[in-house]
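This report refers to the structure that appears directly beneath it.
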Amino acid sequence: MDTFALVITGAAVLALALMLLQKKKTGIRAGTAFIFGALAFPLCVLIGRAAFFLCSIEWIKNSELSFWDFISSGYSYMLYGAVLGGFAAVFLTAKITGQSFGKIADAAAAPAALLIIAGRFAEYLIGAGYGTGVKTWFDPEGEWSMIAWEEPDAICRFPFAVKNYYGAWRFSINLWEGLAAIVFLIVLLRMKKRKTGGACSLLLLMYASCQILFESMRKDEVIIWGFVKANQLISAILVLGILVFCWLKQPKEQRNVKELCIRIAMLLIFAGIIMLLEFALDQKINFLLWMRVDLNYLVMAACCLGMLLTVLPQWRKAWPKEEA
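Letter by letter, the sequence shown follows residues 230 to 553 of my numbering.
Written as structure tokens, this is what we have:
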């Protein structure tokens, strides 16, 4: 656990260094990165931790996990809680430095993506971030995959799989989450300068769209409300919220109510299909019992991509490129 904390701390330092390196591009004032870092670190930790406890209150009641035990249970955080902590730090930094909220949020976007990369890959150190068992997945008799592979020992190793508490090899979902975050970082670093708030909103959109799929695939540290996975639901609501926010950010004369309604309907259709597939994974939908799990996830991935592409045109209208 000490190694995990050390990696995250090192990544936080690198993230602040990236924020400083991009100072000219983002236009933040000197010293802003240090103020933001001093505020973000405690706020992300405390609010991320608090969100985990609040969302897992029934499980917490029956466990010995302490809120203040940051070392032995340091992985027990909710990333969306940490995101709220980050926004709180952005708000306070904006007030202290007299700069706009959006400008500082944009400056923090790429560093945040870097932290997500580090956090996901660091899960290897604590044996977290895993999915279905590799041998279970490819077992010909289990009918999970369209590919029958009786001895998948070649991928029962780092980085494709991780051993769980019982020593069984499980797929490394954190690997895919980390790779996705690398893509986010590259997109943000290569993105042309846009109106204030564009980088931050794009990161949230990309992350939420992908996390709908990854939360379905993860089998550990999953917060469930009734029969709904909390982070999956929050991600879907966030994508919808970003769409509406993008529409509101456009000049009144450019807002097309009909187009907004169509795009909301598209998001709801994609979300409905994903919900149906979630029930199919639990074998609760009889007419979908023929679907193998990998096909199920492929369709789910297509729906998540569809949600991203549904919102992206509105994002481009809300945050156009700035003139050089």
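Using N, Cα and C, we set each Cβ at its ideal position, and we do this for glycine too.
Source: prediction; values computed, not measured.
- Apart from sequence neighbours up to five positions away, the residues of its chain that approach Ile411 with a beta-carbon distance below 7 Å are Ile346, ordered along the chain.
- Going by beta carbons, Ala342 and Leu417 fall inside the 8 Å limit.
- Ala390 has Phe400 as its beta-bridge partners, per DSSP.
- Only residues of its own chain outside the window of five on either side were considered, and among them Glu352, Ile402 and Asn403 have a CB closer than 6 Å to the CB of Gly358, listed in chain order.
- Under the three-pair Cβ rule at 8 Å, the region 309-323 counts as touching the region 274-286.
- A straight-line Cα-Cα distance of about 32 Å links Gly407 and Glu370.
- Pairwise C-beta distances place the region 504-516 out of contact with the region 380-395, as fewer than three of them are shorter than 8 Å.
- A contact between stretches requires three or more CB pairs, one per stretch, nearer than 8 Å, and the region 476-496 fails this requirement with the region 433-453.
- If you draw a straight line from the Cα of Lys421 to the Cα of Lys550, it comes to about 7 Å.
- DSSP places Val486 within a helical segment (H, G or I) once states are collapsed to three.
- The continuous beta strand (DSSP E) containing Thr361 extends over residues Tyr359 to Gly362.
- With a beta-carbon spacing of about 38 Å, Gly426 and Asp523 fall beyond the 8 Å limit used to define contacts.
- Selection Trp519, Pro542 and Gly535 evaluated against Ser374 yields Trp519 as nearest (Cα-Cα).
- Relative to the Cα of Ala437, the nearest Cα in the group Leu469, Glu507 and Trp548 belongs to Leu469.
- At the C-beta level, Phe265 and Ala318 come within 8 Å of one another.
- When the beta-carbon positions are compared, Trp476 and Leu489 come within less than 8 Å of each other.
- Scanning its chain for C-beta atoms nearer than 7 Å, with the 5 sequence neighbours on each side dropped, one finds around Leu505 the residues Ile514, in chain order.
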